[in-house]
Structure formats: structure tokens, C-alpha cells
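J.: Residue numbers are given in my numbering: position 371 of the sequence shown equals residue 955, and the series is strictly consecutive.
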Amino acid sequence: MKEFTPTKKRYLEVRKLTEDLCKPLNEEDLTIQPIEDVSPPKWHLAHTTWFFETFILIPHYHNYKVFNENFNYIFNSYYENKGKRILKANRGNMSRPSAQEVFDYRKYIDAKIIEVIEKDYFDIPKIGFFLELGLNHEQQHQELLVTDIKYILGNNPLLPAYNKPFEMNEYSQDDTYTSFKEGIYEVGHGSENFFFDNERPRHKTYLHSYKIMNRLVTNSEYLEFIKDGSYSNFNLWLSDGWAWLNNIKISKPLYWHEIDGEWHYYTLSGLRRIDPNAPVTHISFYEAEAFARWAGKRLPTEQEWEVAASELANCQNANLLNLDKLQPVNKSNKNNQFIGDVWEWTNSSYLPYPNYKKDDGALGEYNGKFMINQMVLRGGSCATPVDHVRITYRNFFQTDKRWQFTGIRLAENG
Ligand SMILES: [Fe+2]
């Protein structure tokens, strides 16, 4: 395996972006947890720091003094190997420690990690990998910060804006598909660059011939689905999806508001009219799957998506995390949106690849233990840090989740 040696510059850049994302927030915004899925921004700031302290400083830094003995209990997320922790639903109950104490914690850990980077700790086996993992972990939390901040502000009755409005593009939409022949293809991560263990091993897969859409499904197309009465047509829905729909009684994507007969949505730059040509987002797997059935198509499998993206994705001009935007936008003629804008629901369960081996200990808890009851999403979103996503990247969420930037690309047989 390649030896990773992250630089001080890269470490500081990643850490700074996390703090920059929190700059428009006040202390109350930093502390609340409106639903269990949405963690307080203050918790993300501390938990990402705890990760470096727990996996690098405590085991390897000579005579390391823990910043605060209580922090393992309140900032451990889900690592059974690292001891007892608070319930996830209680993360918003912490008015203490204050935001200032959390920023002090970040400073304390940063100083120690910079020493690790500058003083030849790279001799320790795997320490470079753990540093790189810590940075990639922090980038994952940067995306969660964006979507959690959106949920916090988008459920505030005043719908406050987080950033400034941005211009909408005026591109026309075409509806073309690219065909792929049946045959044996290879998928999975194969290079020496950083990867998460769930992307390996690279392996062969057999695909029947299929076609995949050259863009994402738009708001105007999704509006047609709504207007056609699809949220009350049980024929379109999986049984689980129909039960979910009737339980929470929804009839539109998260953040959509109908005001005086006009559809609006909450964006991080405030409430605005829906852009008809922008990709639909904030929908569950159930909604994506029902939409595909309504359209006479289906969702691609993750293997179909990866084979198509390997050939077609244009990563330049991808709409990834940009503090001035943070919203999916309609496509330019040169961008088929495989990378960026929205995570694309696939019709693939999140399962181990052939010959996948879960690591022993805490590292094995990072991905492997979640390979149950979730679906794979591909391609990154407008909240994914620019150097974080790749074609082999496997994101995963439960079928009812809507607070991530999730959307739809259609496929069909033959
Ligand atoms: Fe985490």
C-alpha cells in the first residue's frame, strides 16, 4: 500500500474549511439538534478533533495529555472499541462545553498534530494513513455540516439565509441516454490513491445491456410527477415506501413550499422560486424509485453507474462544495453531472464487494458494520469537498433519508 504523508498545509486547509463553514452561525445555531439525524455543528467541530486525538495522539504522541477526560464520552460517534458514549439523540443537549471550549480543543489538537507531521512520526507504521483517514473523515463531516446547517436553518420558522444568493443558469435540457453493451466490466478502486475500504477490492462484474441518462432528473420533471397524483398512487410505490409515505404524510421533496400557487424551496441562500431546470434534490430512495417507475424507467445499479461514469464523467466544472453556492444547479452543455450536484440513488443495497475483508478493531467499524439496510449513492454533491469524491466512492443511507443532497439519474434495459 502507498505510504501517505499529508503535509501541514493540507492538514491546516482541511481543518480551516470546517471552521469556515461555521462562521455564518451564532452560538445557538451551533448547539441545536432538531432531529436525531442532524448533529449540532458544535458536535461536528469536536468529533472530528476527537478522531485525531483518539486514533493518532493517544496511541502515538509521547506523554500525551488528554485535553478533557469527558470528551471521549460525548464526542465518540459509534466506535464500540473506544468505550461508552452518549446516545446520538442527546448530542443537542450539550449547552456545555461551550463553543469556545470546542474551538480551544481544536487548537490544542492542531498544535500536537502539526508536531506529528513535522517531527518524523511518519516512521510509525500506518500513522500517515491514519492522518489521511482523519482528513477524509473530516471532509465527510464537512458535507454533513452543510446538510445539518441547512436542516437547522431550513426548519427555523424565519428561514434565515446562510450565504448570498447566486445566479441561476439558463441552459436548455435534452433527454439523451448512452448505451452500454452487455459484458464483463471491472469496478472498484484500483489505484494507489486514498480510498475507503468499502471501495475494494476491484473486481469483475457482469452487466446486461443498458442505457443511462446523460443528466439528472430536474425539478420540472419531478413537479409533473407530483401533479400526476403520484404521492397518492400506491401502484408506483414499494410496500415499505407506501407505508413510510402514509406514516409521515408527505407529498413533496424536503424544503419545498407552495406559496400562493407557486413552488418555492429553501436553499442556503434563503427561500426562492424553484429553478425548473435544476436537479431535483432532498428526496428519499422511495421517492427516487417511485419516480423512475412513473417515468417508465428504473434506477441504475451502482455497477451500471460506475461503468458509465468511468467513461462519461466530466469532473471539470463539477458543482462540488463552494461556500458561495451549496445548491444543485442546472447543467451546462459540457457537464453530465455524474460528479457533483446531487448524490444519485442507485438500486443497489450497500453490501461488501466480493472478497471484502472488514479490518479488525476500531477501523473495522468505519464502514463494514453498516453494510445492512442501506442503499448506495454515487457521484458526490454540491456539499462534497472538491478533492474528496471519486468515481468509485460509495456513499450509503437508509431508504427514508432526505436531508442529504440526493437526486435521480434514470436507466433502462437494453
Ligand atoms: Fe465521524
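We put the CB at the ideal spot given by N, CA and C, even for glycine.
In whole angstroms, what separates the C-alpha of Glu722 from that of Trp929?
T.: One C-alpha to the other measures close to 23 Å.
J.: Decide if Ile693 is buried, meaning its Cβ has at least 16 other Cβ atoms within 10 Å, or exposed.
T.: That one is buried.
J.: Check for me: the beta strand (DSSP E) holding Lys788 runs from which residue to which?
T.: It spans 787-791 - the beta strand (DSSP E) in which Lys788 sits, taken as one unbroken run.
J.: When every heavy atom of ligand 1 is checked, does at least one fall within less than 6 Å of the C-beta of Ser965?
T.: Checking every heavy atom of ligand 1 against the Cβ of Ser965, none is found closer than 6 Å.
J.: From the DSSP output, which residues share a beta bridge with Tyr761?
T.: Beta-bridge pairing links Tyr761 to Met797.
J.: Given Ser793, which residues of its chain have a CB within under 8 Å of its CB, disregarding the five upstream and five downstream residues?
T.: Only Ser763, Phe764, Lys765, Glu766, Asn997, Gly998 meet the Cβ criterion.
J.: In angstroms, rounded to a whole number, what distance separates the CA positions of Ile956 and Gly813?
T.: Near 32 Å, if we compare the C-alpha coordinates of Gly813 and Ile956.
J.: Just list the residues that DSSP pairs Asn979 with in beta bridges.
T.: According to DSSP, Asn979 bridges with Leu961.
J.: Distance, Cα to Cα, Asn892 vs Val730?
T.: With the sequence shown as reference, residue 892 is identified as Ala, and Asn is not the correct amino acid for it. For Ala892 and Val730, the distance between alpha carbons rounds to 28 Å.
J.: Measure how close the beta-carbons of Leu904 and Tyr870 come, nearest whole angstrom, since I'm counting them as under 8 Å.
T.: Wrong, their Cβ atoms sit about 26 Å apart, outside the cutoff.
J.: Pick from Trp840, Ile697, Phe778, Lys600: whose alpha carbon is nearest that of Trp987?
T.: Checking every option, the nearest Cα to that of Trp987 belongs to Trp840.
J.: Check the Cβ-Cβ distances between Asn720 and every residue of chain C, and say whether any is below 7 Å.
T.: In the displayed structure, chain C is absent; only one protein chain is listed.
J.: Mind checking which residues open and close the alpha helix (DSSP H) that includes Arg680?
T.: No alpha helix (DSSP H) contains Arg680, which DSSP labels as neither H nor E.
J.: Classify Asn674: buried if its beta carbon has 16 or more other beta carbons within 10 angstroms, exposed otherwise.
T.: Exposed, because fewer than 16 other Cβ atoms sit within 10 Å of the Cβ of Asn674.
J.: Return the first residue and the last residue of the beta strand (DSSP E) that Thr591 is part of.
T.: Run containing Thr591: none; DSSP gives neither H nor E here.
J.: Counting Cβ pairs closer than 8 Å, one from the region 853-865 and one from the region 786-806, do we hit at least three?
T.: Contact between the region 853-865 and the region 786-806 is present, because at least three Cβ pairs lie under 8 Å.
J.: Please list the segments of the alpha helix (DSSP H) lying wholly inside the region 854-880, counting only runs of 4 or more residues, in order along the chain.
T.: Complete alpha helix (DSSP H) runs here, min 4: 869-878.
J.: Run the proximity test for Ser804: is its beta-carbon closer than 6 Å to any non-hydrogen atom belonging to ligand 1?
T.: For ligand 1, not one heavy atom lies less than 6 Å from the Cβ of Ser804.
J.: Using the rule of at least 16 other Cβ atoms within 10 Å of the residue's Cβ for burial, across every protein chain shown, is Val926 buried or exposed?
T.: Buried.
J.: What residue from Phe636, Leu883, Asp859, Leu896 has the CA that sits closest to Asn914's CA?
T.: The shortest C-alpha separation from Asn914 is found at Asp859.
J.: Within the same chain, show all residues whose beta-carbon is closer than 7 Å to that of Thr760, passing over the 5 residues directly before and after it, in chain order.
T.: Closer than 7 Å at Cβ, skipping near neighbours: Asn798.
J.: Identify the continuous beta strand (DSSP E) that holds Ile843 and give its terminal residues.
T.: Looking at the DSSP string, the run of the beta strand (DSSP E) that includes Ile843 is 840-843.
J.: I'd like the span of the alpha helix (DSSP H) that includes Asn656, first residue to last.
T.: 655-659 is the span of the alpha helix (DSSP H), which, as asked, contains Asn656.
J.: Return the first residue and the last residue of the beta strand (DSSP E) that Asn931 is part of.
T.: Counting along the chain, the beta strand (DSSP E) containing Asn931 begins and ends at 927-933.
J.: Give me the Cα-Cα distance between Ser816 and Ile834, rounded to the nearest whole angstrom.
T.: Taking the straight line joining both Cα atoms gives about 10 Å.
J.: Which same chain residues, not among the five before or five after Phe639, have their C-beta less than 6 Å away from its C-beta?
T.: Cβ within range, chain order: Phe714.
J.: Report, in whole angstroms, the separation of the C-beta atoms of Leu855 and Leu742, which I expect to be a contact under 8 Å.
T.: Not really, about 10 Å apart at Cβ, beyond 8 Å.
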